[in-house]
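For reference, the structure discussed in these notes is given below.
In the numbering used here, the protein residues as written are 1 to 158.
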């Protein structure tokens, strides 16, 4: 199924409108009212942006998008011997020279930040036949760093 509807532009200050307008005199009792929503926009296929900082997923889950005190928080792992990254790792800091950091079997979209915090070289490599920008290994010198993301069957340097 293709999504062909152009994105809606939501103007600042536009919100829910009551239909019929509240100034229309209605008989006493229960008054049927509908609300015309102008606050939702399509952020990307399958996700609806609702107001500022909220999104509704295709499964109907309302979630916050961005913000918060820990929005830039990452899991930090410091290693002093050869190490294979785990799914929970994000930043891997090598504190000893001559070690190897092995990336796990790739999952599309997974990102790792790897930093040589030691004097000397460390090696970064993929698992099995997975490469890093086409190479089996990358060497990071003193204070060298690399950010990689898995896409297209390989690790790509950003």
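Idealized CB from N, CA, C, for every residue including glycine. As the structure is a computational prediction, the values presented were derived from the model and not from experiment.
Quick one, which of the options has its alpha-carbon nearest residue i's?
i	options	result
residue 145	126, 73, 122 and 135	122
residue 108	119, 151 and 155	151
residue 104	86, 133 and 157	86
residue 154	139, 140, 135 and 143	135
residue 106	79, 131 and 74	131
residue 94	133, 116, 143 and 142	116
residue 90	83, 77 and 82	77
residue 73	82, 88, 143 and 84	88
residue 142	84, 133 and 114	114
Considering only heavy atoms of the ligand FMN, does any lie closer than 7 Å to the CB of residue i?
i	result
residue 78	The ligand content of the structure shown is nil, which means the ligand FMN is not present either.
Looking at the structure shown, is residue i part of a helix, part of a strand, or coil, going by DSSP?
i	result
residue 93	strand
residue 140	strand
residue 135	strand
residue 74	coil
residue 151	strand
residue 10	Because residue 10 carries a pLDDT of 45, less than 50, the predicted location of this residue cannot be relied on, and no value is offered for it.
residue 145	strand
residue 114	strand
residue 99	coil
residue 123	strand
residue 108	coil
Give the C-beta separation of residue i and residue j to the nearest angstrom, bearing in mind that I take them to be a contact with Cβ-Cβ under 8 Å.
i	j	result
residue 124	residue 147	Between residue 147 and residue 124 the Cβ distance is about 11 Å, and since that is not below 8 Å, they are no contact.
residue 97	residue 118	5 Å
residue 100	residue 127	About 12 Å separates the two Cβ atoms, so there is no contact after all.
Using the Cβ count rule (16 or more neighbours within 10 Å means buried), how would you classify residue i?
i	result
residue 129	exposed
residue 140	buried
residue 120	exposed
residue 79	buried
residue 157	exposed
residue 11	Note on residue 11: pLDDT 46, under 50, position unreliable in the model; no value is reported.
Report yes or no: is there a C-beta of chain D within less than 8 Å of the C-beta of residue i?
i	result
residue 107	Of the chains in the structure shown, none is chain D; there is only one protein chain.
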